[in-house]
Amino acid sequence: MGATICTDKVILNQWHPISSVDDLKNNEQGNTILLEEDLSFNKISDEEVLIWKSADPSKKLLQAKLKYGYLWTTLGHPAPDLFSFPEFYEIDRRNVATGAFGVNISAGRAIENFLDMGHFPFVHTGILGEEPHTEVKEYDVSISENDDEILATKCQFYQPQAAVASSEGTDVEYIYRVPHINCAILYKSSPVDESRQDAIVIFVQPVGPEKVRAHTGMCIIDDKSADADIRLFQQTIFGQDKPILENQLPKKLPLDSRAETPIRADKSAIAYRRWLSQKGLTYGVIPSKDINLSRFT
Amino acid sequence: MLKLYDYELSGNCYKVRLMLAFLGLTYKQILIEFYPSKQHKSQEFFKINPLGQLPVISDQDILVRDAQAILIYLAAKYDRQKRWYPTRNPAMIAQISEWLFFANDLTSTSSAARLHDGFFYTDIRIEECRKRAHELFRVLDEHLYFNEQQGYSWICHSKNPTIADIACFPYIILSEEGGISRINYPAIRRWCDRFKRIPHFTVMPGVFPAGPDKTLDK
Amino acid sequence: MDIEFSKWFPVASTSDLPYRHIFQAQLLGREYAIWRADDGHVNIWENRCLHRGVRLSIGINEGSELKCQYHGWRYANRTAGCTYIPAHPADAPARTICNNTYQSQEKYGMIWTCETPDGTVPEIEGFGSYTVLRPIPINSSYKTIENFLTNVGIPKHQFVKSKSTVAWQFKLESGTQISFFIQPQNNNISILRGIYSLHIEGAEKIKILKHYNSIMVEIRDKLEKQDSPQLPDLEPKISQVSDQLSKIPVYGNQNQRFHLRVTVTEKVRISDNIIKLKLKSIKEQLPTFHAGAHIDIQLQNGLIRQYSLTNGPGETDHYCIAVKIEKNGGGGSKTIGENIAIGDVIAISSPHNSFPLLRNSKHTIFVAGGIGITPLLSMAKALHSMKLSFEFHYFTQSQDLSAFQNEIYKLGKNTNTYIDLTIDQTLSKIEKILETPSPLNKVYVCGPGEMIENTIKIGNDSGWNESNLRYEYFKNNNKIDNDSTFQIELARSAISLNVPSGKSILEVLTENGIKLESSCEQGACGTCKVSVLEGDINHQDVYLNSSEKRKGKVILTCVSRAKSDRLILDI
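Residue numbers (my numbering), protein chains in the order written: chain A, 3 to 299; chain B, 5 to 222; chain C, 25 to 595.
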C-alpha cells in the first residue's frame, strides 16, 4: 500500500466515503483528499471506479467499493464488508444524496453533533425543535458486541410541524446507529407515514485530523417532494450546524472524560467517546488518559 | 408580487432577504439549487440571468440581477423614508457606492474562501483569497473604528444604516466558514452586533442572532 | 515563554466592551470570552462552554448571564457558575459547574489579565489621565515587536526607560508621553496597544488617534515585511473539568416527583422583596388543585422549594406563585430572583394539599402574616367566588404592601390590612379577631412561625376548639434529632426495616423501593404523613397540632422518629 501520511492503523483500516455515486461522471476524473492524501478517481462503468493516489506515477489502484449510494475506498486493510444498512435497499424508499459539505472540524465532533438532540431548539429553531420544548428525556444506549456498533433507542424529542398533515408540534422518536467510527444513521418517524421510519445518514470523510467532508443523505418514504427540495432542507440544517462545529475548541474530539462536562442527554456521545477509546483511535482525537475504559454507565 | 430567485446558503441572496425583511416586503421565493446541482448554470436559469448568477429579483415586468443592484432598486423604490439609499443626497450615494464595490471585493475573497472550504471550489487560490480578505477587513475595521470615534455606528456617515451595511454584512459574518477569523477586527465585530440589532433583522444558516438591544430592554 | 504567565497583559480596550457585547481575545494561545455585565463587572472566561467546548464568544450576553449558542446553557456574571441547562430542567445538579475565570482589572482604559498573578497591574508613571489609542494587531512575535520598540523606536519620540516591565514609554518634546504595550496572542501574532498621557476629546482626539494610528500601522507594515522566523503556534490551552463533573449524573428518584414541565411566562416584581411568577404548562393540562395547595419546585441549582399557589378558582391554565426574596436568604429565593428568566423551563411536582380549605364552616377567619398570605389568598378567592362568609386579616410591612393590594381589594369588604405593627400590637389585634370562638367557624393562619404559635395559643386560650384552628408553617425551625436507631415494620407489606441514626424513616423507605409522597422533607407540609399502629413517636414536625401529637396515631416520616424500639406503620 506504500507509506501513508496518517499512521493510525484504526482509521487506515476503514472504508471511507469519498464521493456520492450521483456525482460520479463516466470517464471524468475526480479529485479529493483522504487522510491528507490527494486521491484521484475515475468511473469507467456503473460497476467499476478506479482510485489511485494522485501523486503516484504508477497509478497503483486502491480498493474501491460502491455501496449505499457512495464510493468508498481505503488506505489500509479493512474488513471486506461495510456495515449493514438494509433500508437502503427497500424498494419503496428514495435514496437522495443531499450533498457533501466541507467543515473545519474533526470527524468525531461532526458525528457527535449528529447524535445530539439537545441543540435542536437552539440551533435548528423552528425546524427540529423550539423553546420551551428543550428537555431531552431518558433514552437507552448500548454497544452491540456482535455488530460492533453503538445503538441509541427510545430517543424522543419535540419537533414543531413534525408531520406534513399537521401544523402542531409533537414528540418524534429517534433511533441512532453508529456502525462505523465516522458514519452514523438516524431513523425517525416519517412525516407522511407514521408507521415507517425515514433514515438520515452522515458519512464523514476525514480529509485531515481537523477537516472533513460530511456526506449527507436521506433514505425516505416520501414520494412527493422533489429531490432538490429534500437536498435544500438538509443543506439548511447542515448550514446551521456548521458554525457551531467550527467554533468547538479543541477541534479534535477529546476522549478523556475530564475534557468536557457531560449531562444525561450526552449518553450516546459518551458511549461514542469510550468506544473510540477502546478501539485505540488516535487520529482526529485527543486520546484519553483514563485507565479504566471498560466502565460504561 | 416580488419574486426572489434564491438560495438559502448564498450570502448574496441573504443581502436581498435582509433588505426585504427590513422593508417589510412580502415576496415569493423561488429556490434555485446552487449546490450541488448548479441549477443557476442550467439553460433554464440562463434565460433569467445569462450570467448564471444568484440572486435575481422580478418585480412585475422588471428583472434585476446582482445583489448590489437589487439593493439599490428595492431601497430606491420601496423605502419611502429614503434612509437605506438616500437618492437625493449625492455625497451619501458616493459613499454608499464605494462600499458597494467593496462588498463585491468581499465576494471575490471572503465568499470565494467559503466556497473553497465548504463547497469544494478547488480551483480557488485559497491562500490568496484569505490574505486579500484580511487586507479588506483591516481597511474596514479601521474605517469603522474611526466612524465610532466620530459618533457614527454604520459604514457611511449617516444616522441610519444604509444598503452599504447590508451589502457588506453577509460575507463578513460568514468569513470564518472560509477560515478567515475576525478575532483581530474588534470594530467589525461591534458593528456586526449593531447590525444584528436592526429591527426585523433575520438570520441565515451560519449566522446567529445577537442579544436584545438596550432600547428594547426594560 | 513560561515566565510571562505571572505578568499582566492588556487584552482589550474598555471601549471593546460596549453594552451586551462579548469580546473574543487571545493571550499566549489561550482564548478568552470577555464581557461586561450590566452591573459593570468585567468577566474574563476561558472561551469555551464546559459542555461541548463551543466558543462562548459566539453566545449571547444577557446582561447578568452569558448564554451558550449550542444548548442554551447559561453562566452567571462573576462566578461563571452554570445556572441553567435546558435539556434537563429537572436535574438536581448536586455538582457545581463553573467555567474557568481569570483575573480582570480595568486600568488605563484597558482590560488586563494575568494567568498566575503576582501583584496587580503595574503603575505607569505619568499616566494619571490618558487616551487609549487604536490597538494594532501585527503578524509578529512579542520579541520582534519588543526589539523594534527598544531598538528602533518612533520618530520624534524619545525612548524613556520604563520602571514597569510591561510598558515601553516614549516622550515628546512637549513632555507628553506615549506608552506602548504588547499583547502576545500567539507565537506569531501580537497586538500593539498604546495610551497617550493626556485626556483629550473632540476633534483633537480624532487628530491624535489618527496620527498614532498611522505611526502604529507603519510599525506593523515594517515588521510584517521583515522575514522573521515563524515559530510553531502554541497549542490552545484547554482546562480540564473536575473528576466529579466528568461523570454523567445519575437519574435520581427525585426526577419522578418533578414530572411537570412549566415555562415561566411572567416574572414580575410586585414589591421591593416579592416576585410573582406565572407558570404555564408546556404540553399537558396542569393537574387540578384545591385552595391552599403548594407545589415543589426543583430549582436550577439543585435546591427544592415549596411555594403555595395563589390562583383563584377556575384559573386552570397556569399556576401562580409569589416568592419573597430574602436579603440574606438561602439559595432558593436568590436563584428565583436572579437566575430564573422568562421562557425558562422548570420542573415542578403536582400540587400537594396538606392545608385544605374546609368549606363547611359558617364563617371563616383568615390571619395572614407577610408572605404567609399566599395559601390564604387562594382560599379566600375560593370562598369569595362561592359567596361564603369570611374575613381576611393581613399583617404586612409597608415595603411589601403593594404586592397583594390589588388581589385583596378584589376579595370585597371583609378585609383588613395592618401595616408595620409591633409584635404586641399584632398580638392584641389577633386577640380581638379571635375573641368570639365558635364551633361552626374556622380560623386559618399562615405566616412566620412565631406568629402561628401565638395565634394558636391565643385561639386555645380564647376557647377555640383546636381542630378549628388550622395553620401551615413554611418551615420547621425545630432542631431535628436523628441520632436514634430503631425498627419499623410495615403492616400491610410485612416488611421489617432498620432505621439507623442519621437517616429518616422516609429515606429508609425510599432506599428500599417503597414510594411515599413527600414534599418539604422538613416536617412542615405534612405530605409524607402515615398512620402508626403501634409504638411511641418522637414528633419533631410543626405540622401536627398538639392533640394529634398526643394521640400518636400519625407520624411525619421525614423528620419524626421512634421513642420505642419499633414502630408499626400502616403501609
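Yeah, the Cβ is synthetic: ideal placement off N, Cα and C, and Gly gets one too.
What are the partner residues of residue i, as DSSP defines its beta bridges?
{"i": "A/Gly-219", "result": "A/Ala-99, A/Val-203"}
{"i": "C/Tyr-108", "result": "C/Arg-98"}
{"i": "A/Thr-155", "result": "A/Asp-142"}
{"i": "C/Met-134", "result": "C/Ser-37, C/Lys-131"}
{"i": "A/Asp-149", "result": "Per DSSP, none; premise fails for A/Asp-149."}
{"i": "A/Asn-33", "result": "A/Ser-42"}
{"i": "C/Trp-192", "result": "C/Phe-204"}
{"i": "B/Lys-7", "result": "B/Lys-32, B/Ser-62"}
Just verifying my parser: in three-state terms, what is the DSSP assignment at residue i?
{"i": "A/Ile-113", "result": "helix"}
{"i": "A/Leu-295", "result": "With a pLDDT of 41 at A/Leu-295, under the threshold of 50, the modelled position of this residue cannot be trusted; read the value that follows with caution. Of the three classes helix, strand and coil, the one that applies to A/Leu-295 here is coil, per DSSP."}
{"i": "B/Trp-88", "result": "coil"}
{"i": "A/Phe-300", "result": "Limits of chain A in this structure are 3 at one end and 299 at the other, which puts residue 300 of chain A out of reach."}
{"i": "B/Cys-196", "result": "helix"}
{"i": "A/Gly-241", "result": "helix"}
{"i": "C/Glu-197", "result": "coil"}
{"i": "C/Ala-586", "result": "strand"}
{"i": "C/Ala-118", "result": "Legend: pLDDT at C/Ala-118 = 44, less than 50; position of this residue unreliable, value from coordinates given subsequently. Three-state result, C/Ala-118: coil."}
{"i": "C/Leu-80", "result": "helix"}
{"i": "C/Gln-48", "result": "strand"}
{"i": "B/Pro-174", "result": "helix"}
{"i": "C/Lys-405", "result": "helix"}
{"i": "C/Tyr-495", "result": "strand"}
{"i": "B/Trp-158", "result": "coil"}
So residue i and residue j are supposed to be a Cβ contact under 8 Å. How far apart are they, rounded?
{"i": "A/Glu-248", "j": "B/Glu-181", "result": "7 Å"}
{"i": "C/Glu-572", "j": "C/Val-578", "result": "6 Å"}
{"i": "B/Tyr-9", "j": "B/Pro-59", "result": "6 Å"}
{"i": "C/Arg-244", "j": "C/Ile-160", "result": "5 Å"}
{"i": "C/Asn-562", "j": "C/Ser-584", "result": "6 Å"}
{"i": "A/Phe-205", "j": "A/Pro-19", "result": "4 Å"}
{"i": "B/Ala-171", "j": "B/Trp-103", "result": "7 Å"}
{"i": "C/Arg-217", "j": "C/Pro-42", "result": "C/Arg-217 to C/Pro-42, Cβ: 18 Å. No contact."}
{"i": "A/Thr-75", "j": "A/Leu-36", "result": "7 Å"}
{"i": "C/Gly-471", "j": "C/Asn-501", "result": "About 13 Å separates the two Cβ atoms, so there is no contact after all."}
{"i": "C/Pro-380", "j": "C/Phe-313", "result": "That belief does not hold up - the Cβ atoms of C/Pro-380 and C/Phe-313 are roughly 11 Å apart, past 8 Å."}
Can you check which of these residues, the options, is closest to residue i by C-alpha distance?
{"i": "A/Cys-185", "options": "A/Lys-156, A/Ile-222, A/Leu-278", "result": "A/Leu-278"}
{"i": "B/Tyr-39", "options": "B/Lys-32, B/Gly-122, B/Thr-91", "result": "B/Gly-122"}
{"i": "C/Val-467", "options": "C/Thr-479, C/Asn-123, C/Leu-196", "result": "C/Thr-479"}
{"i": "A/Asn-115", "options": "A/Asp-142, A/Ile-288, A/Asp-268", "result": "A/Asp-268"}
{"i": "C/Thr-398", "options": "C/Asn-536, C/Ala-317, C/Thr-439, C/Pro-253", "result": "C/Ala-317"}
{"i": "A/Gln-158", "options": "A/Asp-149, A/Glu-151, A/Thr-172, A/Asp-150", "result": "A/Thr-172"}
{"i": "A/Ile-223", "options": "A/Pro-193, A/Val-206, A/Ser-146", "result": "A/Pro-193"}
{"i": "C/Ile-457", "options": "C/Asn-335, C/Ile-389, C/Ser-252", "result": "C/Ile-389"}
{"i": "C/Ser-37", "options": "C/Phe-29, C/Gly-547, C/Ala-49, C/Thr-446", "result": "C/Ala-49"}
{"i": "C/Ile-135", "options": "C/Gln-182, C/Asn-124, C/Ile-68, C/Ser-452", "result": "C/Ile-68"}
{"i": "A/Asp-225", "options": "A/Cys-8, A/Asp-40, A/Arg-95", "result": "A/Arg-95"}
{"i": "A/Ile-177", "options": "A/Glu-140, A/Glu-212, A/Leu-41, A/Asn-148", "result": "A/Glu-140"}
{"i": "C/Asp-40", "options": "C/Gly-487, C/Leu-196, C/Ala-104, C/Val-156", "result": "C/Val-156"}
Just to confirm, is the Cβ distance from residue i to residue j under 9 Å?
{"i": "B/Thr-111", "j": "B/His-120", "result": "no"}
{"i": "B/Lys-247", "j": "B/Ser-62", "result": "The requested residue 247 of chain B does not occur in the structure, where chain B is confined to residues 5 to 222."}
{"i": "A/Gly-110", "j": "A/Tyr-274", "result": "yes"}
{"i": "C/Trp-192", "j": "C/Leu-173", "result": "yes"}
{"i": "C/Gln-511", "j": "C/Arg-590", "result": "yes"}
{"i": "C/Ser-378", "j": "C/Cys-122", "result": "no"}
{"i": "C/Phe-282", "j": "C/Ala-371", "result": "yes"}
{"i": "A/Phe-262", "j": "C/Ser-270", "result": "Checking the sequence, you will find Glu at residue 262 of chain A rather than Phe. Going by C-beta atoms, A/Glu-262 is nearer than 9 Å to C/Ser-270."}
{"i": "C/Pro-146", "j": "C/Lys-91", "result": "no"}
{"i": "A/Leu-234", "j": "B/Glu-12", "result": "yes"}
{"i": "A/Val-209", "j": "A/Met-220", "result": "no"}
{"i": "C/Ser-528", "j": "C/Asn-492", "result": "no"}
{"i": "C/His-342", "j": "C/Lys-304", "result": "yes"}
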